[in-house]
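Visitor: For the sequence shown, this note's numbering assigns the number 14 to the initial residue and increments by one for each residue that follows. Below are the structure tokens for one structure; questions will follow.
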Amino acid sequence: MGAATNQAELIYIWDRATVEAKAIIALLFVFSIAAWFVMMSKAIQMRRARKLNSLFGQEFTSQKVVLELFDRKIDVQGCPLYVVYQAGCVQLDARLRGPTGERAKQHISLKNMEHIKRAIENVVAKESLKLESGLILLAIAVSGAPFMGLLGTVWGVMSTFAGIAQQGSATMAAMAPGVSAALITTVAGLLVAIPSMFGYNWLVHNLRAFTVELDNFAQELVSKMETEFLAEE
14 MGAATNQAEL IYIWDRATVE AKAIIALLFV FSIAAWFVMM SKAIQMRRAR KLNSLFGQEF
74 TSQKVVLELF DRKIDVQGCP LYVVYQAGCV QLDARLRGPT GERAKQHISL KNMEHIKRAI
134 ENVVAKESLK LESGLILLAI AVSGAPFMGL LGTVWGVMST FAGIAQQGSA TMAAMAPGVS
194 AALITTVAGL LVAIPSMFGY NWLVHNLRAF TVELDNFAQE LVSKMETEFL AEE
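Okay, here's the thing in structure tokens:
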């Protein structure tokens, strides 16, 4: 009782934790830093992408012909919609140019349009994967941190009961410090998993919205290209 009054509660428990429990808590601390870094970096990335998508979408809607922004050499780094647009326009421009390198053709065949469509779909998939990158770490933190904490707790309780059995004394004073020190790993696991769970769900929701936006834009882009440049069979 005297030792507990001279130390903060968590420090008191930490001092009585086993080496295994301290190692697990240290590992969970590293997981926590990584999870928070991913959540903050992805939130910043998605916020910037949403802003750039909005601005580019307005420019795309206001243009008279589908290649207008492409011909103006506009560069919008970090904008997923621009990456999709640029990839489609590069493919379309290459098929409109003649042997001399000048844009001599006015129409393209259905076969060429299918190639352009597949190229746009590939870029949409790559951009979705780029936005999704890093979420696996949050998923691991959500699912793995509680089990790591539980492992530390079970290990600590096992060590406590083994020590009591060797001493032959099962008093509350003998059990409480070891059990409380064992339970701190479960608390640490939950402190990592709970914020990661909320962050993961929020990011997945936004990722789905971005994916739908990319798919819709790709369909609109292909539709405008077909309207302007697809040759009538």
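All C-beta atoms in this analysis are idealised placements derived from N, C-alpha and C, irrespective of residue type, glycine included.
1) Excluding the 5 residues flanking L255 on each side, which residues of the same chain have their C-beta closer than 8 Å to its C-beta?
2) With a CB to CB cut of under 6 Å and the five nearest residues on each side skipped, what residues in its chain are close to M59?
3) If A47 sits next to L150, beta carbons under 8 Å apart, how far is it from one beta carbon to the other, in whole angstroms?
4) Count the other C-beta atoms from every protein chain shown that fall within 10 angstroms of the C-beta of T173, then say buried if there are 16 or more, exposed otherwise.
5) Could you give the uninterrupted runs of the beta strand (DSSP E) lying entirely in the segment 78-153, keeping only those of 3 residues or more?
6) Just to check my reading of the structure: M126 and L227 have Cβ atoms closer than 8 Å, yes? What is that Cβ distance to the nearest angstrom?
7) What separation, rounded to the nearest whole angstrom, lies between the Cα atoms of A34 and E72?
8) Using a Cβ-Cβ cutoff of less than 7 Å, which residues in the same chain neighbour E140 once the five nearest sequence positions on both sides are dropped?
9) Assuming the contact rule is C-beta atoms closer than 8 Å, A100 and V136 should be a hit. Round their C-beta distance to whole Å, please.
10) In whole angstroms, what is the alpha-carbon distance linking I207 and S236?
11) Looking at A30 and G169, is the spacing between their C-beta atoms short of 8 Å?
Guide: Walking through what the data contain:
1) Because residue 255 is not part of the residues shown, which for the chain are 14 to 246, the question remains open.
2) N219
3) 6 Å
4) buried
5) none
6) 19 Å between Cβ atoms; not a contact.
7) 57 Å
8) P93, V96, V97 and L227
9) 4 Å
10) 44 Å
11) yes
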